[in-house]
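Taking full-length UniProt numbering, the leading residue of the sequence shown gets 1, the next gets one more, and so forth. Below is one structure, written out as structure tokens; comments come after it.
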Amino acid sequence: GGDGFKTLNEGEAVEFEISENDKGKSQAVNVVRTSAEESN
């Protein structure tokens, strides 16, 4: 399958948590940009 991530700008910081889906595969969840307040 394809990756589930949208393109991020270079230098953009993100935080995310790792969770297992129903097939036991690790996936990133709750992805947030930590630099979002700078991009308004």
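Glycine is no exception: its CB is placed at the ideal position from the N, C-alpha and C atoms. Treat the numbers as computed from the prediction; the structure is a model and nothing was measured.
Item                                                                                                                      : Value
For E20, the three-state DSSP class (helix, strand or coil)                                                               : strand
Chain-order list of residues whose beta-carbon lies under 8 Å from that of I18 (same chain, five-residue window excluded) : S26, Q27, A28, V29
Alpha carbon of N21 to alpha carbon of G11, nearest angstrom                                                              : 29 Å
Cβ neighbours of E15 in the same chain (closer than 6 Å, five flanking residues each side left out)                       : V32, T34
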